Amino acid sequence: MLERFIPAAASYSGDVDQLVWLVTILVGFWFIAAEAMFFWLIFRFRKKEGVKAQYITGKEKHLKQWINIPHALVLVFDVFIIIAAIRVWVHIKQTLPPADRTVRVTSQQWAWTFQDPGADDSLDTEDDVFTTDELHVEKDKTYHFKLESKDVLHSFFIPAFRMKQDAVPGRIYTGWFKPTRAGDYDILCAEICGIGHGVMGAKLVVESAEERAAWLAAHAPAVDETATDATATDAASTDATSSDSTSAAAGQQ
17 MLERFIPAAA
27 SYSGDVDQLV
37 WLVTILVGFW
47 FIAAEAMFFW
57 LIFRFRKKEG
67 VKAQYITGKE
77 KHLKQWINIP
87 HALVLVFDVF
97 IIIAAIRVWV
107 HIKQTLPPAD
117 RTVRVTSQQW
127 AWTFQDPGAD
137 DSLDTEDDVF
147 TTDELHVEKD
157 KTYHFKLESK
167 DVLHSFFIPA
177 FRMKQDAVPG
187 RIYTGWFKPT
197 RAGDYDILCA
207 EICGIGHGVM
217 GAKLVVESAE
227 ERAAWLAAHA
237 PAVDETATDA
247 TATDAASTDA
257 TSSDSTSAAA
267 GQQ
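Residues in the sequence shown are numbered from 17 upward in steps of one, following the working numbering.
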């Protein structure tokens, strides 16, 4: 039902939604029950002509049960919530499935910088693609992200993924997500980080393998042909030298 307001676009979005609904239903039940009892007591024991108000110390056993029994039931409901929350936490935060790709996310006042591994799917290589405020990922692939901050506290928040991770300067956080629905989604900062916090947004594009390949081709960094030619020349020279040395050695024999 939450998808009517915020789409669910990651593999664990449904797990978070179920936890939210569990908390809403259990806490909502007790909220309604408490408010209903509150107003009923106001009505039931309203001032009446000829009826003297009771003096209650709070120590009466038959009245204590109105606190003890609901209290015990609330604790039982809390246990269900805690168990469900731990299961979701372990699945999302404590488990790191194997990654198909890893991206680097850098936060700063007031922008996001993304480093895509490029066609070789390896970070910190020549074909890495750097973008600002726009991240492209492939549908149905598991991604790890390396999150860091350049300046102050930030928080990497993707509502459609039900995912949020704080970024602390000097630390690198590793998390994961698996997009399951193509489309454009919001990336927000969920930690007040200065005067531009409200406009620190970015776009997440979940696309097919073909669309991502086309995007990579259009944004691939230019290759330094001079350096490539020099490398090829050095390699050829090395091969030639090795060949001459081998021939000379054979002649001496």
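All residues carry an ideal CB built from backbone N, CA and C; glycine is no exception. None of these values were measured; they are calculated from a predicted model.
- The DSSP assignment places 117–124, 127–132, 145–148, 150–154, 159–165, 170–174 and 179–183 as complete runs of the beta strand (DSSP E) inside the segment 109–190, in order along the chain (cut-off: 3 residues).
- In the structure shown, Ala218 falls within a strand segment according to DSSP collapsed to helix, strand and coil.
- According to DSSP, residue pairing for Asp202 in a beta bridge involves Lys219.
- For Glu51, the enclosing alpha helix (DSSP H) has its first and last residue at Ser29 to Arg60.
- Boundaries of the alpha helix (DSSP H) harbouring His78: Lys77 to Trp105, taken from the DSSP string.
- Under the three-state reduction of DSSP, Ala238 is assigned to coil, being neither helix nor strand.
- A Cβ-Cβ distance of about 6 Å is found for the pair Lys180 and Ala206, placing them in contact under the 8 Å criterion.
- A contact between stretches requires three or more CB pairs, one per stretch, nearer than 8 Å, and the segment 149–168 meets this requirement with the segment 114–123.
- With a 10 Å radius around the Cβ and a threshold of 16 neighbouring Cβ atoms, Val90 comes out exposed.
- DSSP places Ala233 in the helix class (H, G or I) of the three-state scheme.
- Take Glu223, set aside five residues on each side of it, and the residues of its chain with a beta-carbon closer than 8 Å to its own are His152, Val153, Glu154, Lys155, Ala198 and Trp231, in chain order.
- The DSSP-derived three-state label of Ala26 is strand.
- If the five residues before and after Val221 are omitted, its C-beta is found closer than 6 Å to the C-beta atoms of His152 and Asp200, all from its own chain and listed in chain order.
- A straight line joining the alpha-carbon of Met216 with that of Trp192 spans about 21 Å.
- Excluding residues up to 5 positions away in sequence, nothing lies with its Cβ nearer than 8 Å to the Cβ of Leu57 in the same chain.
- Counting other Cβ atoms within 10 Å of its Cβ, Leu163 reaches 16 or more and is therefore classed as buried.
- Under DSSP, Phe21 takes part in no beta bridge, so it has no partner.
- Across the set Val184, Phe161 and Val39, the C-alpha of Phe161 shows the shortest separation from the C-alpha of Lys109.
- Distances from the alpha-carbon of His235 to those of Val67, Phe61, His87 and Phe146 put Phe146 closest.
- In terms of Cβ geometry, Gln125 and Gly210 form a close pair [threshold 8 Å].
- Val104 sits close to Val32, with the two beta carbons spaced by under 8 Å.
- Judged by beta-carbon spacing, Ala26 lies beyond the 8 Å limit of Thr158, meaning their Cβ atoms are not closer than that value.
- Note on geometry: alpha-carbon atoms of Ile208 and Leu169 lie some 8 Å from one another.
- Contact annotation, Trp128 with Ile188: C-beta distance approximately 15 Å; criterion of less than 8 Å not satisfied.
- By the beta-carbon neighbour count (other beta carbons within 10 angstroms, threshold 16), Phe130 is buried.
- Going by beta carbons, Ala100 and Leu38 fall inside the 8 Å limit.
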